[in-house]
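Undergrad:
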Amino acid sequence: MKKSLWILVLLVSMGVILIGLMAQEFTYVGVNKCKICHKAEKRGNQYGKWLEGPHSKAFEALKSDKAAEIAKKAGVTTPPTESAECLECHSPYASSAPEFKEEGVGCEACHGPGSGYKSLKAMKDRNLAVEKGLVLLDTDAKKEALCTKCHKADHKYHEIKPFNLQEFWSKIEHKKPAE
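For the sequence shown, the numbering used here assigns the number 244 to the initial residue and increments by one for each residue that follows.
1. Quick one: Cα of Glu-312 to Cα of Glu-328, how far?
2. I need the straight-line Cα distance from Ala-310 to Gly-296, nearest angstrom please.
3. Using the Cβ count rule (16 or more neighbours within 10 Å means buried), how would you classify Leu-379?
4. Which first and last residues belong to the alpha helix (DSSP H) in which Arg-369 is found?
5. Using the beta-carbon count (16 or more within 10 Å), is Pro-322 buried or exposed?
6. Just reading off the alpha helix (DSSP H) that His-333 is part of, what are its end residues?
7. To which residues of the same chain is Ser-299 closer than 6 Å at the C-beta, ignoring the five residues directly before and after it?
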């Protein structure tokens, strides 16, 4: 009788641990963690591509007089750099990871919080990285679904150039070179 009780306790404990692992929430680590591995030219310099592109400057744009004017016209009463309406697109994880707010649209805005997949072990195993939270934008449908959350013609706060996946993607694409 006691042996079966211990087995039951063991099974319940293992179930609780497994549920905990499956329900883990991944957290943001910031572009500085990503750049450790993703700044080398031989690996594609994804960090450099991001740094030169518009997404790295998205939060900075909110500091401009033009942003203040747009916010005022849209009825936004807080400064653009503090406004949830503006940060939603210009710094998508500002509310969940305020320490990275000024990164703008960083790596994790597209690829998901990196705490689970940032390790070399995970990054060398694509399936493991995905299991650990890496979001792959490996189809046009996935790219468009993500991008049009902000790049949409009927944007409620200001005019945005009509979205064209091929045109926009060519400006930010950052593939890893074939080995």
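By construction, the Cβ of each residue, glycine as well, lies at the ideal position given by its N, Cα and C atoms.
Nothing here was measured: the structure is a model prediction, and the numbers come from that model.
TA: The answer reads as follows:
1. For the purposes of this step, residue 312 is taken as the residue at position 69 of the sequence shown. For the purposes of this step, residue 328 is taken as the residue at position 85 of the sequence shown. Using only the alpha carbons, I get a separation of about 14 Å.
2. Along the sequence shown, one-based indexing puts residue 310 at 67. Along the sequence shown, one-based indexing puts residue 296 at 53. For Ala-310 and Gly-296, the distance between alpha carbons rounds to 19 Å.
3. Locating residue 379 in the sequence shown gives position 136, counting from the first residue. Leu-379 should be labelled exposed.
4. Start at 1 with the first residue of the sequence shown, and residue 369 comes out as number 126. 369 to 374 is the extent of the alpha helix (DSSP H) around Arg-369.
5. As a first step, residue 322 must be located in the sequence shown, where it is residue number 79. Exposed: under 16 other Cβ atoms inside 10 Å.
6. By 1-based counting over the sequence shown, the position of residue 333 is 90. Unbroken alpha helix (DSSP H) run through His-333: 327 to 333.
7. The count along the sequence shown starts at 1 and reaches residue 299 at position 56. For Ser-299, where only same-chain residues beyond five positions count, the Cβ hits under 6 Å are Trp-293, Gly-347.
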